[in-house]
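Input: a single structure, listed below in structure tokens.
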Amino acid sequence: MSEVFGFSDLSAITRATWEIYSQCQQVAKDAPDGFRKLVKELGSLQGVMRAMTDDYASNTSFFETLAEDRRLMLERCLHACLETLSRLTDLLNHYRELGISDGRHFWQRIRWSTQQMQIEDIRSKLMVHTCNMSLCMSPIENSSLLEIERKMTEAMQEDEEILIALETSRRDSVLMVSPLSVKSNLTNEFEEAFEPALSRPTLPRTSSRGSKSSQQIGYQSPGRPRHASSSSASVMSGSDSSLYGGPAPSYSPHTSRSYSQSLTGKIQVTRALSPPPYEKSVDSLATDKIAWDETSDNQDKQSIGKSSNSSATEFGHNNVMEAVNSAMYQLREVRLQEQLARPIRFEPQNKVHKPDEDTIKIFESSINEERQIRRLITSDWLRVATWWLLKARATLANCSRHSLVSAHGGISMPADSRSVTQQAYVDLLKASYILYDIVLKDEHSPAILTDENRKAILDLSEGINEELSQYTPLDIPEPSILRAQILDIWEPIQPEETSDSGLDLTFGLHTARWIAVNQEDAGSEEERVLYRTFVNAGIGAKKFRMRTRGAPYMFLLTAKDGESEPKIVLCNQSGSLCLQRDFIPDDLPPLINLINSTRTGFPGAQISEPISFKFDNTSVSISFQFEADLAHFINIPKLYFDSVWSREPIDSKEFTETVIFKGSVQTFEQLKTPTMKAMNPPMLIKSCNVRILERSFGEAWRCIRRIVISPSVAERSPRCLEFFMPLSRVQINREELSRQVLLKWSDTCQERSDKTDGNYNTLHSYVYDYTAPNIGIGLQFSTQQNAEDFERALMEINFKSSFSWSEPGGTGRIYDVIDTGTEHKQYKAAVLIQNSGPWRYSDVFYLYRDTDYIYQNASLRVQFPHASYADYISSHSDQLYVADKPVVFSHTEKKTKQAMFKFDSDSVARAFMSSLSPLYELVYSRRIHSLSTKVNMLGSKRSGKGGAEIQLWRRGNTTQLAARWSDNVPDKWLTMSLPRDFSESSKDNLRVGFAKLPYFRGVSLDLMNIMARTPKATSMVSREGAISISFQSVKDREGFLEALRGRPLSSSFI
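Counting in the numbering used here, the sequence shown runs from 2 upward without gaps.
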């Protein structure tokens, strides 16, 4: 075999597999489920290839030791794998040819439905390659391999026939599509360029001995014609014949031998040249990526379309799936037989410390009682044995084990701890009896030979003997003392622990994960145990609680990946109970008071005093056995909460601070602005907590925020990161249904030196500049809901809005705010949410009762020329020197600028204006030709002010008219109360006139009373006269009259 295939070839294919896998991961981030499944299969294949390469590197005669048939099978497997990798490489190369630099843009512009069947075809072949490689490297018999190959051949043929029918049907349907439904040229261009990449063969067809072997070994089902793509290559090797690009080539070891394929554009697989070494190891390549490439959001996405969630069976690969599953089952059976043949490793039972016959009878009686209630398997027995080992270990750790035995073996045990250590000795006997007399009674039982049980047996035997070694023969309790201890194998169960109680026992199914000999092995893969001990506990309502002794419950302090807060867990021995929740700062004071009372000698204080904890709706009273346990349990969360104190609201007389958002974040990373790329070195925190705190002052417009990132309790030296955050202009980039959030904003620390004091002396300032953000962060939340809540907290104000709108043209909220100072001024806060490319941000404006605005009915825009907003000032502004200490936020100043609100419908625009008035509703608004006032009925004063915008505001039976001229009119606003029973007798169908009525003029409009205010000329405060309104169309005039009479404005007038 060495003449045919060498280590350099195998190593090059392995490396190519890894590189293609890495490239696929980059574009799989936003891909549909089908492509991500392909990447997963590719990852499994590269794992098998690396294992094979490692075996060959450690044994150069690797191929020579294989039988001839197996060598040929392996050769075909490797060649078929090479073909599929070449095909997949073409796909990736077309990404680059099409100018698509990242997967997100590709999957947004390529119609997935046209590619799904072909992607599934490649995925099924990768699955076959992985299966076949594993089978060839296994000790399975050659006859079994031939039978598996026959089944694979049949499955591949059946699936290919199904796929051909599906593809033909799809193409026929495409030909029948109306020309009007064809997509844009850009989309078609990408689809046409993309499709050949999946179907084009890459290697020339040649005849060879290898292909002959394929025909001899491959099985052709009688009565069924073999498809052309499978006729010359065995399907055992997953021949990568494309259904859409013609038959696949065969591999010949006796040809020129230079089957060089540019798999990744970098690697040439040849006999003449050895491949270059890895530039980076697999581990380093996997960890060099920044956080935003590590975790896919696609588990939360469904935006690509319903077809993205289709399984392989929907595209004709169910036969391959069944064949692969059957083959892998046979492989597992073979490996299980290998496993059964290996001896179990464990330390023999201690001959000195063994239970006597009377103790064994008590143990047997306790065990038989439980066996009558439920059936116990090997893992259950191992968990019970581990329970007693852990309990004895915890007891001895709290009894100053170093004082149990002197250096010369003499007894130096304190009298008050003797009874406790005697119970620990009995608990060790329980563990020893269960392990050696029950579990290992039949060492060849298949149940105890699983990898998990093998590890548990070894750890248990080592742990038991280690603890028993602390006892000398003189330490063994007398039989009478031994009988006085608790000899029951099973811990007592309270009524509330049964399944018919009101407890939520969801976690009970996973209790066993906490019961492990070594603390670092406890919990699931994403969990970490910080401390564990055994306690007494009363569970449930007081009338059901039982007073326990002997600490029958395990109490744990844990941490979980992706979350920062410590958690407490209470579980029992039987596995029917496992309560879990976050440990919060409010849990600390009762524990601290208890330990302080015992240490200061407070009368009646005992360490066994119960402390109440609430798990959802279940009350639990817990009491510790030892002061050291309580101290350890307090110390870990106390040190953590003391380190992250800055994330808690600050108590101050000047302001009030509240937490408006808190949630768990899998990954936090500080990024460079404006590129939003990773820093060098990366500033990354995993499993952290993010909080947004809002600080409110006496004046509502002075409100600011701060964002605090606190690391996990599992960190050795936790330290918070804190950033100043303005109320507005925080830019956020988050795709729909995504858990990933990018943020950028400006603090008050941007240096500016562009001003002088008038004497050529430069003034140095640090300013807030929202146009040039200088802070960038990325967050990967644990859930999509958390990401949505976070975005909402940033974009909105932290209380209920009085009005909101969401249209394609814009989104916003109106809030009623009040200053809590001496004036108690009430006004409105308008939040306008806007888009700038993929980024969103909100502007916050403050609109007071007396304001000036321009309502443009034609364009549906409302403009406020002098809307108030907050500007943020630093602690170093307009100084003659550069800051010599850290610059921070100092205060907020109120400024004004123009604010523009755009709407898509007249009804929403009028509702927006109505939300600014607490009493009136805007029912009509139009641009008119002119509005004139008449001094008397005999003569008129023709208006020279030009056109105006008039509005009708209604409150019950009261109607107010408000008109605004252009800015060149000093007192631009006119308001007056109109009679509802007005009857129009004018023959002019463009004009409406009113008799002598009082009216008001001013430069602003009182939105509460709809009255003009603050005129520049005092004579304009209140006047009286006839009013004549000239409309631009008959339709506008009729709409005005309908609104004036209190009738709903029909759609024809809108």
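Built from N, CA and C at the ideal position, the CB exists for glycine as well.
Test item: CB-CB of residue i and residue j under 8 Å
i           : j            : result
residue 535 : residue 626  : yes
residue 149 : residue 331  : yes
residue 851 : residue 1007 : yes
residue 623 : residue 638  : no
residue 847 : residue 878  : no
residue 698 : residue 776  : no
residue 648 : residue 711  : yes
residue 815 : residue 794  : no
Given residue i as reference, the closest of the options once Cα atoms are compared
i           : options               : result
residue 397 : 56, 583 and 629       : 629
residue 883 : 763, 965, 675 and 921 : 763
residue 465 : 392, 135, 840 and 698 : 392
residue 989 : 964, 1020 and 1031    : 1031
residue 654 : 900, 696 and 632      : 696
residue 905 : 863, 920, 934 and 707 : 863
residue 633 : 532, 389, 787 and 130 : 532
residue 899 : 922, 865 and 878      : 865
residue 478 : 430, 461, 437 and 443 : 430
residue 169 : 129, 119 and 132      : 119
residue 834 : 719, 818 and 792      : 792
residue 17  : 83, 33, 34 and 65     : 83
residue 366 : 490, 446 and 934      : 490
residue 571 : 596, 620, 592 and 591 : 620
residue 664 : 362, 90 and 693       : 693
residue 518 : 446, 385, 642 and 422 : 385
residue 21  : 578, 35, 38 and 44    : 44
residue 581 : 530, 593 and 598      : 530
residue 432 : 361, 825, 92 and 1023 : 361
Neighbour-count burial assignment, residue i, 16 or more Cβ in a 10 Å radius
i            : result
residue 927  : buried
residue 889  : exposed
residue 184  : The pLDDT assigned to residue 184 is 36, lower than 50, so where the model puts this residue is not dependable; a value taken from the coordinates is nonetheless given after this. Flag for residue 184 reads exposed.
residue 194  : Low per-residue confidence applies at residue 194: pLDDT is 41, beneath 50, and the placement is therefore not dependable, though the value from the model is reported in the following sentence. The residue in question, residue 194, is exposed, as its Cβ has fewer than 16 Cβ neighbours within 10 Å.
residue 886  : exposed
residue 774  : buried
residue 154  : buried
residue 161  : buried
residue 224  : Low per-residue confidence applies at residue 224: pLDDT is 37, beneath 50, and the placement is therefore not dependable, though the value from the model is reported in the following sentence. It counts as exposed.
residue 745  : buried
residue 1025 : exposed
residue 440  : buried
residue 521  : exposed
residue 356  : buried
residue 813  : buried
residue 359  : exposed
residue 394  : buried
residue 982  : exposed
residue 353  : exposed
residue 277  : With a pLDDT of 34 at residue 277, under the threshold of 50, the modelled position of that residue is not reliable, and no figure is offered here.
Rounded distance between the beta-carbons of residue j and residue i, thought under 8 Å
i           : j           : result
residue 387 : residue 457 : 7 Å
residue 946 : residue 970 : 5 Å
residue 670 : residue 683 : 7 Å
residue 895 : residue 702 : 6 Å
residue 1   : residue 468 : This structure does not reach residue 1, given that the chain is present from 2 up to 1055, and the question cannot be answered.
residue 139 : residue 49  : That belief does not hold up - the Cβ atoms of residue 139 and residue 49 are roughly 11 Å apart, past 8 Å.
Beta carbon proximity, residue i to chain D, threshold 8 Å
i           : result
residue 162 : This model lacks chain D altogether, as it is built from one protein chain only.
Is there contact between the region 753-767 and the region 793-802, where contact requires at least three CB pairs shorter than 8 Å?
-> no
Kindly confirm or deny that the region 1032-1046 and the region 1014-1022 touch, where touching means at least three C-beta pairs closer than 8 Å.
-> no
For the 8 Å Cβ check, are there 3 or more pairs between the region 900-916 and the region 764-783?
-> no
On the three-pair Cβ rule with 8 Å, is the region 480-489 touching the region 417-431?
-> yes
At least three beta-carbon pairs within less than 8 Å, the region 583-595 to the region 532-548 | no
May I ask you to verify whether the region 854-864 touches the region 946-958, counting CB pairs closer than 8 Å and requiring at least 3?
-> yes
Hey, is the region 735-753 in contact with the region 915-933, meaning 3+ C-beta pairs nearer than 8 Å?
-> no
Does the count of Cβ pairs from the region 863-879 and the region 765-772 closer than 8 Å reach three?
-> yes
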